[in-house]
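Q: Take this structure, written in structure tokens, and hold onto it; I'll ask about it next.
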Amino acid sequence: LSRDNTSKQDQQGFDIIIGSSLQSLFDGTQDENAQLWLALDTLLSRSNPSAIVILSHVRSGSERIQVPHETIPFELVRRIPGDRFYMKTRDGNNSDFELIVLRRRQVQ
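Numbers 76 to 183, taken from this note's numbering, label the letters of the sequence shown in order.
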């Protein structure tokens with residue numbers, strides 16, 4: 076712990092964050108002030124340009140994670156549909172899940 080009682084990890088952030096079906100945290104992601112973006116901004120390392128976030132959630136409807144372009148400090152690296160992993164619903168239909176890979180926006 077440092078003098079202000081925070082660990083070094085708390086000060087630096089995490090190099091990888093993995094989340095799945097976080098429900099209300101994924102609500103309203105089209106808004107740059109959505110809880111998801113605020114939480115990731117706090118948790119993800121600022122010093123490691125390779126730090127990434129991997130999230131799994133539904134890919135359709137209003138629950139889809141929407142990345143507001145250039146208004147948040149994150150950029151979408153890739154969307155990977157669950158179908159790519161042969162995921163199915165309980166009744167055998169194609170899965171509506173996808174993986175979202177994000178990183179801090181690269182300053183150029």
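Ideal placement from N, C-alpha and C gives every residue a C-beta, glycine not left out.
Being a predicted model, the structure only gives us computed values, none of them experimental.
(1) Using DSSP bridges, identify the partner residues of Leu-119.
(2) Could you have a look at Gly-157 and say whether DSSP puts it in helix, strand or coil?
(3) With distance defined between alpha-carbon atoms, name the residue in Ile-129, Val-176, Leu-174, Asp-158 nearest to Asn-168.
(4) Should the stretch 163 to 178 be called in touch with the stretch 102 to 114, which here means at least 3 C-beta pairs below 8 Å?
(5) Can you give me the C-alpha to C-alpha distance between Asp-204 and Ala-114, rounded to a whole angstrom?
(6) Should the stretch 144 to 157 be regarded as contacting the stretch 91 to 98, the criterion being three or more beta carbon pairs within less than 8 Å?
(7) Keeping to the same chain, check which residues put their C-beta closer than 8 Å to that of Ile-140; ignore five residues upstream and five downstream.
A: Straight from the coordinates:
(1) Leu-119 pairs with Phe-89.
(2) Looking at Gly-157 - three-state DSSP - the assignment turns out to be helix.
(3) Put simply, of Ile-129, Val-176, Leu-174, Asp-158 the residue whose alpha carbon is nearest the alpha carbon of Asn-168 is Asp-158.
(4) As far as the Cβ criterion goes, the stretch 163 to 178 does not touch the stretch 102 to 114, which means the pair count is below three.
(5) The requested residue 204 does not occur in the structure, where the chain is confined to residues 76 to 183.
(6) Because the criterion of three Cβ pairs below 8 Å is not met, the stretch 144 to 157 and the stretch 91 to 98 do not touch.
(7) Once the five neighbours on either side are set aside, the close Cβ partners of Ile-140 are Phe-101, Thr-104, Leu-111, Leu-130, His-132, Ile-175.
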